[in-house]
Amino acid sequence: MELCNLTAEIFDEIAEMTGVDRAKETSQEEEHQWHEVMEDGEWSSKKGTAGGCNNNPSTYPKNPQFATSFTAPQSSIEEDGNVTVIVAVLQKYRRELKSKGKDLLPIGVSIYSVGASGGARIPLTSEFFSRNRAIAKTTIFVNTREVTVRFRVPPGEYVIVPCTFDAYDDAEFLLRCYANGQLRSSLL
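Sequential numbering of the sequence shown, starting at 89, is according to the working numbering.
Below, the structure is given as structure tokens:
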């Protein structure tokens, strides 16, 4: 699935047209809607935020990290107790930079659980990443404009780490997160 220029409202329109996952009662409609959070970010070697992938354990924690909370009313939580989440990372301005010899970078994204409450208040460290596996991530790094990951998790606190494959690669990106529950996100 490519999200390109879609917003969360499209999910509700699709549900309305197809009848899939549509709330049966008017009072429940808002609870079942998809919600969206968008964050601008950048990997910058000058600012120290271009850490590369987790194959680079000393620089990986330097990547931008977004503390994200997924919450949902009981009626939106699916049968297994999880919330469906879609995370997309889009490289910005790469078409314009192609004329200057800068192609698309291989990019990826990983999502880490930081507990049901409290969450991350400071950027995660090398020690955290060495002891904790991503609960969802892109399986390979691809030279593409956008990567997307769909996963299901219990409501709680998570950290999203978009990254390039190589450390010190500079680029700007747009992070979009969609969930069938409430979302909150902030840069750590």
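Here a beta-carbon is modelled for each residue, glycine too, at the ideal position from N, C-alpha and C. As the structure is a prediction and not an experimental result, all values here were calculated from the model.
Per DSSP, the bridge partner or partners of residue i
i           : result
residue 260 : 130, 180
residue 225 : 198
residue 265 : 125, 175
residue 236 : 176
residue 245 : 157
Through-space distance from residue j to residue i, alpha-carbon basis
i           : j           : result
residue 143 : residue 168 : 33 Å
residue 211 : residue 148 : 11 Å
residue 272 : residue 243 : 12 Å
residue 91  : residue 266 : Summary for residue 91: the model assigns pLDDT 47, below 50, so the residue's position carries little reliability, and this model does not support an answer.
residue 214 : residue 146 : 6 Å
residue 170 : residue 268 : 10 Å
residue 157 : residue 184 : 34 Å
residue 261 : residue 174 : 16 Å
residue 263 : residue 129 : 7 Å
residue 228 : residue 222 : 14 Å
residue 190 : residue 182 : 7 Å
residue 154 : residue 247 : 5 Å
residue 201 : residue 135 : 26 Å
Own chain residues within Cβ distance below 6 Å of residue i, not counting five before or after
i           : result
residue 113 : With a pLDDT of 45 at residue 113, under the threshold of 50, the predicted position of this residue should be treated as unreliable, though the coordinate-derived value follows. Here the set comprises nothing.
residue 259 : 131, 179, 193
residue 231 : 192, 194
residue 239 : 173, 224
residue 249 : 151, 153, 198
Nearest candidate by alpha-carbon position, reference residue i, set the options
i           : options            : result
residue 270 : 248, 232, 182, 159 : 159
residue 217 : 123, 151, 231      : 151
residue 126 : 176, 135, 136, 103 : 176
residue 241 : 124, 203, 275      : 203
Contacting residues, own chain, Cβ-Cβ under 7 Å from residue i (five flanking each side not counted)
i           : result
residue 226 : 196, 197, 235, 237
Cβ neighbours of residue i in the same chain (closer than 8 Å, five flanking residues each side left out)
i           : result
residue 257 : 131, 133, 138, 140, 193
Any chance the region 187-195 sits against the region 246-255, with 3 or more Cβ pairs inside 8 Å?
-> yes
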